[in-house]
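Protein chains: 2
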Amino acid sequence: MSQQRTLVGGPGQPPVGPATSAGHILQLLRSSPAGYSRADLLDITGMARSTLYERLDALFAAGLVYEATPLRSQRGRPPRALRFDDRDKLVLGIEIGHTHAGVHLLSLSRDIVASRRLPIDIGQPQEDVVSRLMEQSRQLLDGRRPVGAGVGLPAPVDPLHRLGLERTVLAHWDLQRLQDVMEASLDCPVLLENDARSMAVGEVRHPFESLVAVKVSTGVGSGIIVRGALVRGAHGAAGDIGHVRVPEAAGRLCRCGRDGCLAAMASGRALLAAPQFAAYRTLRQLVDAYDSDPDVRPAVAEAGRVLGRALAAIIGTLNPGRVAVGGLVGVLPDFLQACRRQILDDAFEPSLVDLEVVPADSRAATAVGLCRLVEESLYAPERVEQMLVQQAG
Amino acid sequence: MSQQRTLVGGPGQPPVGPATSAGHILQLLRSSPAGYSRADLLDITGMARSTLYERLDALFAAGLVYEATPLRSQRGRPPRALRFDDRDKLVLGIEIGHTHAGVHLLSLSRDIVASRRLPIDIGQPQEDVVSRLMEQSRQLLDGRRPVGAGVGLPAPVDPLHRLGLERTVLAHWDLQRLQDVMEASLDCPVLLENDARSMAVGEVRHPFESLVAVKVSTGVGSGIIVRGALVRGAHGAAGDIGHVRVPEAAGRLCRCGRDGCLAAMASGRALLAAPQFAAYRTLRQLVDAYDSDPDVRPAVAEAGRVLGRALAAIIGTLNPGRVAVGGLVGVLPDFLQACRRQILDDAFEPSLVDLEVVPADSRAATAVGLCRLVEESLYAPERVEQMLVQQAG
DNA sequence: GTATTTTTGTCTGATGGTCGATCATAATTG
DNA sequence: CAATTATGATCGACCATCAGACAAAAATAC
Numbered sequence: 001m002s003q004q005r006t007l008v009g010g011p012g013q014p015p016v017g018p019a020t021s022a023g024h025i026l027q028l029l030r031s032s033p034a035g036y037s038r039a040d041l042l043d044i045t046g047m048a049r050s051t052l053y054e055r056l057d058a059l060f061a062a063g064l065v066y067e068a069t070p071l072r073s074q075r076g077r078p079p080r081a082l083r084f085d086d087r088d089k090l091v092l093g094i095e096i097g098h099t100h101a102g103v104h105l106l107s108l109s110r111d112i113v114a115s116r117r118l119p120i121d122i123g124q125p126q127e128d129v130v131s132r133l134m135e136q137s138r139q140l141l142d143g144r145r146p147v148g149a150g151v152g153l154p155a156p157v158d159p160l161h162r163l164g165l166e167r168t169v170l171a172h173w174d175l176q177r178l179q180d181v182m183e184a185s186l187d188c189p190v191l192l193e194n195d196a197r198s199m200a201v202g203e204v205r206h207p208f209e210s211l212v213a214v215k216v217s218t219g220v221g222s223g224i225i226v227r228g229a230l231v232r233g234a235h236g237a238a239g240d241i242g243h244v245r246v247p248e249a250a251g252r253l254c255r256c257g258r259d260g261c262l263a264a265m266a267s268g269r270a271l272l273a274a275p276q277f278a279a280y281r282t283l284r285q286l287v288d289a290y291d292s293d294p295d296v297r298p299a300v301a302e303a304g305r306v307l308g309r310a311l312a313a314i315i316g317t318l319n320p321g322r323v324a325v326g327g328l329v330g331v332l333p334d335f336l337q338a339c340r341r342q343i344l345d346d347a348f349e350p351s352l353v354d355l356e357v358v359p360a361d362s363r364a365a366t367a368v369g370l371c372r373l374v375e376e377s378l379y380a381p382e383r384v385e386q387m388l389v390q391q392a393g
Numbered sequence: 001m002s003q004q005r006t007l008v009g010g011p012g013q014p015p016v017g018p019a020t021s022a023g024h025i026l027q028l029l030r031s032s033p034a035g036y037s038r039a040d041l042l043d044i045t046g047m048a049r050s051t052l053y054e055r056l057d058a059l060f061a062a063g064l065v066y067e068a069t070p071l072r073s074q075r076g077r078p079p080r081a082l083r084f085d086d087r088d089k090l091v092l093g094i095e096i097g098h099t100h101a102g103v104h105l106l107s108l109s110r111d112i113v114a115s116r117r118l119p120i121d122i123g124q125p126q127e128d129v130v131s132r133l134m135e136q137s138r139q140l141l142d143g144r145r146p147v148g149a150g151v152g153l154p155a156p157v158d159p160l161h162r163l164g165l166e167r168t169v170l171a172h173w174d175l176q177r178l179q180d181v182m183e184a185s186l187d188c189p190v191l192l193e194n195d196a197r198s199m200a201v202g203e204v205r206h207p208f209e210s211l212v213a214v215k216v217s218t219g220v221g222s223g224i225i226v227r228g229a230l231v232r233g234a235h236g237a238a239g240d241i242g243h244v245r246v247p248e249a250a251g252r253l254c255r256c257g258r259d260g261c262l263a264a265m266a267s268g269r270a271l272l273a274a275p276q277f278a279a280y281r282t283l284r285q286l287v288d289a290y291d292s293d294p295d296v297r298p299a300v301a302e303a304g305r306v307l308g309r310a311l312a313a314i315i316g317t318l319n320p321g322r323v324a325v326g327g328l329v330g331v332l333p334d335f336l337q338a339c340r341r342q343i344l345d346d347a348f349e350p351s352l353v354d355l356e357v358v359p360a361d362s363r364a365a366t367a368v369g370l371c372r373l374v375e376e377s378l379y380a381p382e383r384v385e386q387m388l389v390q391q392a393g
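Right under this line is the structure:
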């Protein structure tokens, strides 16, 4: 009858809360940019003072926490804010596209420090592309060592790198080798992820939201986040919407060899291939003619409309709270407008409740997402625990 | 040098670590039908003998573990298998459809002990339907108390029961009240879930597989499991594919008030509404005429084809390893055949690698899935821990 | 200036869960 | 019978954690 819901700890009792390890305390601090005072932490975690201070000593020693300027207080000694020490820690975010790559240097707090954009040809041998990227990276780093690096790739990325990339633009790449080479070159852990999925992570605003991010540049891809969790799929191919069949594309040949694919209508490659745009050599040229060439806007709008139709199905199926559209083509106003309109037209009303269809936050959402993924991976509680053990030993 | 571990993970990846609590030991035992000997457990967990025995004492005392017949051994004293005690524990699985309900009594090991099928009208007041279900349940139980019950509903089910059911068949239901009334009536915890999602859980064979289960009877619904995790969506509406727009249904009015919905083509309700089937009053009658009425099979096949088209999009997006099709209409051979063919035609090849499109395992997959969900919920490590604390106090 | 308040810093001893080890017993095979 | 393996029941030692005491620091209120 008397329900002992509240578990009370006593002397010698093992920790009551699930989260009293140094790793979890760091996670707490990471979750709040303003940080917490020691008193806050005692209050939140319910730990004994001596225990908490021991943890903090270890975190200080490892350089994971620092003491920020004192906070304001009504009376009494002002508390000193403790924060996750993301100062002077750099992350490299490399975004690989079909024709260009972006190399971004970010702070751990996800501010972009410096960027390079360079033309590449993804069809060339992996080694050549990688060595150019590494050269740019070294220039940006200027001798500094990053804590981690992330790479966004325009193809499905299986977490175990076992996926056949056969039919994709990266058919001739070896992801395991890519990771090994980069880790050796940069002397830091390297994480590989699909580009659109990275972008989706970069678009996340609230910890448990559900969102779909779509990237439309040369190709089309999407990243899906359900209740804060990234959906990767059975073979890491989740979100690869480019080859969903849409009626509008019937009869149009896709580079995958089939016809009717979404990518054959709603992608930069498809736009470039249209006869009226034969004069444009690159997607960038075409996009730049958005205002000057009267043919561009209608074509872009039509592409957006088709994408909207396909997205409506995903929205009905997965019920996200937000759709972010990015990429060179995706951010064009007419594209987004047509896409949004078609979604509102096609999707079932209950799934449209509170649904936002918005442009992707910034051109660098992918790099920001990669930075976040790297941070999550590097400073996951278990990993922090390992780090501290190594330090001590 | 820096020790570099491969980075896997990011937001949404649950932590993995050694677990030595009683709850985790029970989970270990639950995962193996044959059970483990004490020596096995010492080996697997690496715990001290005294500690492990203490845990086992508690689990024995709570009736959660029992000692099975001795196992084989090459020499020496034969080990005694310890198993999760699922004997004499009953779970009630109630499947609510538009016109019929199935009440199933299952053992915790998911064998069906007894079943009842009864006609209901989901349009009637909730209290009336529920009281009939409870009556049937009491008859099946015959005085015994179940450890838990699960209800599969043909509508989106928000875990917090906050979702507006406005536009669904359950518009006049109150899920919180349903749960409260049933818990009081059955004197056990009650879990509510969408029917197709329950079915998906019932179809799971391997712990980390990805699959999509589709239920086609009066309505259409689906359940999505990604790497072993059920996808519920932002408002619990994930998998509600009935109102995805398909070109084939253009001009056809759906009961949701729009036109072009998948449910307006590929559902039992849509079939029944077709002019050539005006003679049939119920879906069951129509399905029973599958062999005798020459009009039925083509119509069913066409419905399957349309579903296949919609599924191809989901398959491309989520990249599951298996698609299971069930429900009164879904299991018809021509339906499945047409659906499978259309999927193979429409979906992108990489997402078809190793993809199986199969009929749902049994008519009772939903009940089996509910049973599994109830078990997972009842015997989750944290909950077991609570249970033991209460026992002790 | 003093009083008050709140945070921080540094101890202490007490508790109890976990380990590791020992010794004993049981139940098989050969 | 011996050898082997699993189980049963202890025990003391360790040590992470707790609770609490005490003092100093740094601000506000009067």
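Going line by line, the protein sequences match chains A and B.
According to the numbering used here, the first sequence is numbered sequentially starting from 1.
According to the numbering used here, the second sequence is numbered sequentially starting from 1.
Note that beta-carbon positions come from the ideal geometry of N, C-alpha and C, so glycine has one too.
Check: Return the chain-ordered list of same chain residues with a C-beta closer than 7 Å to the C-beta of A/Ala399, the five sequence neighbours on each side being excluded.; Outcome: Nothing about residue 399 of chain A can be read from this structure; chain A reaches only from 1 to 393.
Check: Where does A/Pro70 fall in DSSP's three states?; Outcome: strand
Check: If contact means a Cβ-Cβ distance below 7 Å, which residues of the segment 374-392 of chain B contact chain A?; Outcome: Val389 and Gln390
Check: If we ignore side chains and look at the alpha-carbon of each, how far apart do B/Gln3 and B/Glu95 end up?; Outcome: Confidence at B/Gln3 is low in this model, with a pLDDT of 28, below 50, so the placement of that residue should be treated as unreliable; the coordinate-derived value is given next. B/Gln3 and B/Glu95: Cα-Cα distance of roughly 53 Å.
Check: Taking a contact to mean a Cβ-Cβ separation below 8 Å, would you say A/Gly260 touches A/Gly239 in this structure?; Outcome: no
Check: With DSSP as the reference, label B/Asp288 as helix, strand or coil.; Outcome: helix
Check: Measuring CB to CB, does B/Leu271 end up less than 8 Å from B/Ala303?; Outcome: yes
Check: Rounded to whole angstroms, what is the Cα-Cα separation between B/Thr69 and B/Ser31?; Outcome: 18 Å
Check: How would you label B/Leu7, buried or exposed, when you count the other beta carbons within 10 angstroms and need 16 or more for buried?; Outcome: Because the pLDDT at B/Leu7 is just 32, under 50, the model does not fix this residue reliably, and the value given afterwards should be weighed accordingly. The residue in question, B/Leu7, is buried, as its Cβ has 16 or more Cβ neighbours within 10 Å.
Check: Could you tell me which whole beta strand (DSSP E) segments of length 3 or greater appear in the segment 304-380 of chain B?; Outcome: 322-326 and 356-359
Check: On the DSSP bridge assignment, give the partners of B/Leu153 in chain order.; Outcome: B/Asn194
Check: Give the C-beta separation of A/Val91 and A/Ala149 to the nearest angstrom, bearing in mind that I take them to be a contact with Cβ-Cβ under 8 Å.; Outcome: 7 Å
Check: Contact between the segment 239-249 of chain A and the segment 326-336 of chain B: three or more CB pairs below 8 Å?; Outcome: no
Check: Give the single residue among A/Leu352, A/Arg87 and A/Ala155 whose Cα lies nearest to the Cα of A/Thr218.; Outcome: A/Ala155
Check: Starting from the C-beta of B/Gly9, find all residues in its chain whose C-beta is less than 7 Å away, skip the five residues before and the five after it, and write them out in chain order.; Outcome: With a pLDDT of only 27 at B/Gly9, under 50, the local geometry of the prediction cannot be trusted, and the value read off the model is given with reservation. So the list is empty, once near-sequence residues are dropped.
Check: Got a sec? Which residues, its chain only, sit under 6 Å from B/Leu170 by beta carbon, not counting five neighbours each side?; Outcome: Ala155
Check: So, helix, strand or coil for A/Phe208, using DSSP?; Outcome: coil
Check: Buried or exposed for A/Pro11, please, with buried defined as at least 16 other CB atoms from any protein chain shown within 10 angstroms of its CB.; Outcome: With a pLDDT of 42 at A/Pro11, under the threshold of 50, the modelled position of that residue is not reliable, and no figure is offered here.
Check: I'd like to confirm the pairing. Which residues does DSSP put opposite A/Ala213 in its beta bridges?; Outcome: A/Gly223 and A/Ala324
Check: Within this structure, are the beta carbons of A/Ala324 and A/Ala213 separated by less than 8 Å?; Outcome: yes
Check: Name the two residues that bound the continuous beta strand (DSSP E) containing B/His104.; Outcome: His100 to Ser107
Check: Pick helix, strand or coil for B/Gln13, following the three-state DSSP scheme.; Outcome: In this prediction, B/Gln13 scores a pLDDT of 26, lower than 50, which makes its location untrustworthy; no coordinate-derived value is stated.
Check: Would you kindly work out how many angstroms separate the C-alpha atoms of A/Thr317 and B/Ile241, rounded to a whole number?; Outcome: 5 Å
Check: Taking 8 Å as the CB-CB cut-off, is A/Ala273 touching chain B?; Outcome: no
Check: Less than 8 Å between CB atoms is the rule here; does B/Gln4 satisfy it with respect to chain A?; Outcome: Here B/Gln4 scores only 27 on pLDDT, less than 50, and its place in the model should not be relied on; the value that follows carries that caveat. At least one chain A Cβ lies under 8 Å of B/Gln4.
Check: Contact criterion: CB-CB distance below 8 Å. Does A/Glu203 meet it with respect to chain B?; Outcome: no
Check: Contact between the segment 370-389 of chain A and the segment 180-195 of chain A: three or more CB pairs below 8 Å?; Outcome: yes
Check: To the nearest whole angstrom, what separates the beta carbons of A/Leu253 and A/Tyr290, a pair I think is in contact under 8 Å?; Outcome: About 26 Å; that fails the 8 Å criterion.
Check: Using Cβ-Cβ distances below 8 Å, what residues of the segment 310-332 of chain A are close to chain B?; Outcome: Ala310, Ala312, Ala313, Ile314, Gly316, Thr317, Leu318, Asn319, Pro320 and Gly321
Check: Which of the three DSSP states, helix, strand or coil, is assigned to B/Arg116?; Outcome: strand
Check: Quick check: the Cα distance between A/Asp295 and A/Gln276, rounded to an integer number of angstroms?; Outcome: 8 Å
Check: Return the chain-ordered list of same chain residues with a C-beta closer than 6 Å to the C-beta of B/Lys89, the five sequence neighbours on each side being excluded.; Outcome: Leu108 and Val147
Check: Does B/Val244 get closer than 8 Å to chain A when you measure Cβ to Cβ?; Outcome: yes
Check: What does the alpha-carbon distance come out to for the pair B/Gly228 and A/Val231?; Outcome: 12 Å
Check: Leaving out five residues before and five after A/Tyr280 in sequence, what residues of the same chain have Cβ atoms less than 8 Å from its Cβ?; Outcome: Leu272, Leu286 and Ala289
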